[in-house]
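A.B. asks: Have a look at the structure that comes next, please.
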Amino acid sequence: MDAGNPGRNPLLRFLSWLGSHERSVLFAGAAILLGVSLFAELADQVVDGGTRKLDHAILLSMRRPGDLAPLGPPWLQEGARDITALGGVTVLTLLTAGVCTFLALDGRRPMALFAASSIVSGLLLSTLLKNLFQRPRPDLVPVAVYVTTASFPSGHSMLSAVTYLTLGALLARAHEGRLLKAFFLLTAALLTLLIGVSRVYLGVHWPSDVLAGWTAGAVWSLFCWTLAQYLQRRRGIN
865 MDAGNPGRNP LLRFLSWLGS HERSVLFAGA AILLGVSLFA ELADQVVDGG
915 TRKLDHAILL SMRRPGDLAP LGPPWLQEGA RDITALGGVT VLTLLTAGVC
965 TFLALDGRRP MALFAASSIV SGLLLSTLLK NLFQRPRPDL VPVAVYVTTA
1015 SFPSGHSMLS AVTYLTLGAL LARAHEGRLL KAFFLLTAAL LTLLIGVSRV
1065 YLGVHWPSDV LAGWTAGAVW SLFCWTLAQY LQRRRGIN
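If you read the sequence shown in the numbering used here, its first letter stands for residue 865, the second for the next number, and so on.
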């Protein structure tokens, strides 16, 4: 069978029959289901202690063997604290308010309201998941920043994924140039990655917490992006 010939391959024939919007929704739906399955499997492993060995190994690899202080010079530790602050509720609230205000002043009030609703609902989901699992914070190494909430999933990782990826996707949809679209999306992904890594480096999260936060945040962001597409086609947002 010729996989490159849409006329002979049923899957390619089906995808060719679908419009570009329907294809993007189909792929987004599949990615959301995959992300939910990954989160569920990871949560199951965490509850059963299946991630313990790998969590310990990765966390200790970022610490000096003697005093268990973070690897690297003091400026690196200070930089990690600055980066991790970019995923905090205060910074994300200010950023969301600023972007939503810009969208409203630019005549995109429905999009501004949608963006704010997406991020606030993501915060509520993060809080719900933390209260559900109640995983203790790492006690293997000294922590470098103050924390009070439960550990799984990482709120900073999840909220940074929700906020930066959602805002990046909405800003990308608001501009026509491919270079600008790529800039928004890549910047959002890079910030999300760095914030998650900083949480493990500072000793306040297990690596599995961060992976779960990334997964949940990406799923929620993708769901919001799909919903935004639907609303945009119905002229609900612009």
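Cβ atoms here follow ideal geometry from the backbone N, Cα and C, with glycine treated the same way.
Please read these numbers as outputs of a predicted model, since none were measured by experiment.
Is it the case that the Cβ atoms of Pro934 and Ala944 are separated by a distance below 9 Å?
C.D. replies: It is a contact, given that the beta carbons lie within the stated cut-off.
A.B. asks: Assuming contact is defined by CB atoms lying nearer than 9 Å, are Ser985 and Gly1019 in contact in what I supplied?
C.D. replies: no
A.B. asks: With 9 Å as the threshold, decide whether the Cβ of Ala895 is near any Cβ in chain B.
C.D. replies: Protein chains in the displayed structure number just one, and chain B is not present.
A.B. asks: So who's on the other strand from Pro934, going by DSSP bridges?
C.D. replies: Arg927
A.B. asks: So, under 8 Å CB-CB, Ala1082 and Leu1034 are touching, yes? Tell me the CB distance rounded to an integer number of Å.
C.D. replies: The Cβ separation is near 15 Å, so there is no contact.
A.B. asks: With a 10 Å radius around its C-beta and 16 neighbouring C-beta atoms as the bar for buried, classify Pro1071 as buried or exposed.
C.D. replies: The residue in question, Pro1071, is buried, as its Cβ has 16 or more Cβ neighbours within 10 Å.
A.B. asks: With H, G and I counted as helix, E and B as strand and the rest as coil, what does DSSP make of Leu1066?
C.D. replies: coil
A.B. asks: Given a cut-off of 9 Å, decide if Gly893 and Thr1090 are closer than it, judged by their beta-carbon atoms.
C.D. replies: yes
A.B. asks: Ignore the nearest five residues each way along the sequence and tell me which others in Val955's own chain have a CB closer than 8 Å to its CB.
C.D. replies: Ala949
A.B. asks: Is it buried or exposed for Tyr1094, if we count other Cβ within 10 angstroms and need 16 for buried?
C.D. replies: With fewer than 16 other Cβ atoms inside 10 Å of its own Cβ, Tyr1094 counts as exposed.
A.B. asks: Comparing C-alpha positions only, which one of Phe1087, Ser1062 and Cys1088 sits nearest to Asp946?
C.D. replies: Ser1062
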